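The block underneath contains the structure these notes are about, expressed in structure tokens.
Number of protein chains: 4
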Amino acid sequence: MSISLTKALEIVDAALAKGREMAFEPLTVAVLDAGGHLVALKREDRSGILRPDVAIGKAWGALGMGFGSRELGERAVKVPHFMNALMAASGGRFVPVAGGVLILSGGDVIGAVGISGDTSDNDEICCLAGIAAAGYVGQTGFRPPQ
Amino acid sequence: MSISLTKALEIVDAALAKGREMAFEPLTVAVLDAGGHLVALKREDRSGILRPDVAIGKAWGALGMGFGSRELGERAVKVPHFMNALMAASGGRFVPVAGGVLILSGGDVIGAVGISGDTSDNDEICCLAGIAAAGYVGQTGFRPPQ
Amino acid sequence: MSISLTKALEIVDAALAKGREMAFEPLTVAVLDAGGHLVALKREDRSGILRPDVAIGKAWGALGMGFGSRELGERAVKVPHFMNALMAASGGRFVPVAGGVLILSGGDVIGAVGISGDTSDNDEICCLAGIAAAGYVGQTGFRPPQ
Amino acid sequence: MSISLTKALEIVDAALAKGREMAFEPLTVAVLDAGGHLVALKREDRSGILRPDVAIGKAWGALGMGFGSRELGERAVKVPHFMNALMAASGGRFVPVAGGVLILSGGDVIGAVGISGDTSDNDEICCLAGIAAAGYVGQTGFRPPQ
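Chains as they are written, first to last, in this note's numbering: chain A, 6 to 151; chain B, 6 to 151; chain C, 6 to 151; chain D, 6 to 151.
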């Protein structure tokens, strides 16, 4: 199963609402299906022109390796050459910093959300808010939350 | 001036509503700003995994040359080598068939919408419906409509 | 739902058995999941070094547009510039000739199989034999078989 | 001489059996011939979508330089700019971490196996188990084992 457009939009809209509530910088929010393909994207006014690729890359990287991009960011500090290789292998669709979160339904990965615009920690807060609003579980690290 | 997220979403939603009204195949709709960068994208369930790139490529091609992708498609029949060169020059973000329409406001190009999913003629119908619903003028060819 | 490794291997092995039964040229068989990512691939001895990319490209193209690559091949004759654009947009993962067949389960696309090695018609015969052996339905054209 | 499909499958299946025996994470296993082209690949269910490219990249990198990817990983720590250049030069098919092992037969390199899914050390364990099961010698570093 992969995420539907209806549910993807619930995630995007709740993530953007969280960003406005917290007065974060303008955000770009992307939801990808389990295969790494765009289902929905919204870029707020004044969000930079690279933000869509960054948001997509965070989500894609999470799907690519099977764990959230926060974990990828921690590994990038320890083994930068490996993360560089993954950037190259993925054709640039791999952004290893927090803000790319797997979407779990019943233990299965059904997609991922990526956000770019504020700090990566704040981006992640909005990812999780969006996923929770849609009734799914978000995974930011190596293991699903218990 | 470039298109806002609010107006981009009006275009996307009206385009999708037109597609459902006409019982077209599942559609992917992308709105790009005047710089060719994504503002909003929605992919309906069962729309193929290359559709986002095709929708973006139609809109990007229109912005790239400054006229609607219907015109690009007609030129592709006459000068295919030129269009092939543009595909290569753009890194693959150039899809010269109908369904990529410039968004005009007061005579200025403020963005473009691209749609992929049904025949290119039908895709274009939805582009125009979306642009009209948002109160803008759509340009499918070489010259703005009079 | 996407195809499992177990079922993908049933398809690959039955396709290769068909090829040997028919005394076809050495084949390369690839099965992709619904997102266009490799699940299983086998290349027979003396099958050329580009064959993996061709087999993958046939299957990927089918998933990309949502119909079998036989249909894509027919369209490539009518609108070559469009197919060229899809090759570029997909980064070369788009091979519009017969031999890329969607795998349907209960009406849903759960993956695709691509074969390269003999004529494209013969490649397709093996795709269909493999899909049938695994208990699924193969779609070679624009519409699912009735 | 290059590895046959029959022997490549022996390696893949023994590597996957080792992974199940050790209760490793879901693995993707790729075997390339001496020319760096895929012979066989299997991706276990729940193995991430970038894993095929990572597994192929480890094996390709080993073939590319003529020694196992463990050695490449050690060099990447000392001369990261050189490894970055190799990633770029290879078009992204170069992943310098353990888990890409050359396959030697009578002292000749006849292919390479790459695995991605668990830690790189564990991936390498499965590479070596697969190669040994097929009756070949695996080379993880700069020199063939004595």
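Where a beta carbon is used, it is the ideal one built from N, C-alpha and C, also for glycine.
This one's a predicted model, so the numbers in the text were calculated from it and none came from an experiment.
By the three-class DSSP mapping on this structure, what secondary structure does residue i have?
i	result
R75 of chain C	helix
D38 of chain C	strand
V142 of chain B	strand
A45 of chain B	strand
V118 of chain C	strand
C69 of chain C	The amino acid at residue 69 of chain C is misidentified as Cys; the sequence shows Gly. In this structure, G69 of chain C counts as helix in the three-state DSSP scheme.
T124 of chain A	coil
I8 of chain D	coil
M92 of chain A	helix
R80 of chain C	helix
R98 of chain B	coil
L133 of chain B	helix
G24 of chain C	helix
P150 of chain C	coil
I16 of chain D	helix
Kindly identify the DSSP beta-bridge partner or partners of residue i.
i	result
D113 of chain C	C:S110
G62 of chain D	Partner(s): none; G62 of chain D has no beta bridge.
G105 of chain A	A:G119
T33 of chain B	B:R48 and B:S121
Alpha carbons only, please: which of the options is nearest the one belonging to residue i?
i	options	result
G53 of chain A	A:A90, A:G122 and A:Y141	A:G122
R148 of chain D	D:R75, D:R48, D:A19 and D:L55	D:R75
K63 of chain C	C:I8, C:G143, C:L133 and C:A117	C:A117
D142 of chain C	C:T124, C:D113 and C:N127	The question names Asp, but residue 142 of chain C is Val in the sequence shown. Nearest C-alpha to V142 of chain C: C:D113.
I16 of chain C	C:L109, C:K83 and C:M92	C:L109
R25 of chain A	A:G41, A:P101, A:I61 and A:I130	A:I130
M6 of chain A	A:G69, A:D128, A:V100 and A:L37	A:L37
F72 of chain C	B:P31, B:I120, B:N127 and B:L68	B:P31
N127 of chain D	D:K12, D:I8, D:D18 and D:M27	D:M27
Q151 of chain B	B:G111, B:I115 and B:A134	B:G111
V66 of chain D	D:L55, D:V44 and D:L91	With the sequence shown as reference, residue 66 of chain D is identified as Gly, and Val is not the correct amino acid for it. Out of D:L55, D:V44 and D:L91, D:L91 has the C-alpha closest to the C-alpha of G66 of chain D.
I115 of chain C	C:G96, C:A134 and C:G140	C:G140
V100 of chain D	D:D50, D:A134 and D:L55	D:L55
D50 of chain A	B:A138, B:K12, B:K83 and B:D18	B:K12
T33 of chain D	D:A134, D:A137, D:A60 and D:V82	D:A60
G69 of chain C	C:V44, C:K83, C:I8 and C:G96	C:G96
S125 of chain D	D:F29, D:A19, D:I8 and D:G135	D:F29
With a cut-off of 8 Å on the beta carbons, I'd call residue i and residue j a contact; round off their distance for me.
i	j	result
E46 of chain C	A39 of chain C	It should be pointed out that residue 46 of chain C corresponds to Leu in this sequence rather than to Glu. In fact, because the Cβ distance is near 17 Å, the residues do not count as touching under 8 Å.
D58 of chain D	A94 of chain A	4 Å
P85 of chain B	H42 of chain C	About 32 Å; that fails the 8 Å criterion.
R48 of chain C	L14 of chain D	With 8 Å as the limit, R48 of chain C and L14 of chain D do not qualify as a contact, their Cβ atoms being about 11 Å apart.
V106 of chain A	G78 of chain A	Going by Cβ atoms, the distance from V106 of chain A to G78 of chain A rounds to 12 Å, so no, they are not a contact pair.
G104 of chain D	I120 of chain D	5 Å
M88 of chain C	R80 of chain C	6 Å
A19 of chain D	C132 of chain D	So it is not a contact: roughly 10 Å between Cβ atoms.
Would you check whether the ligand SAM has a heavy atom nearer than 8 Å to the C-beta of residue i?
i	result
A13 of chain B	No copy of the ligand SAM appears in this structure; indeed no ligand is present at all.
_Under 7 Å (Cβ pairs) to chain G, residues found in the segment 36 to 63 of chain A_ = Protein chains A, B, C and D are contained in the structure displayed, whereas chain G is not.
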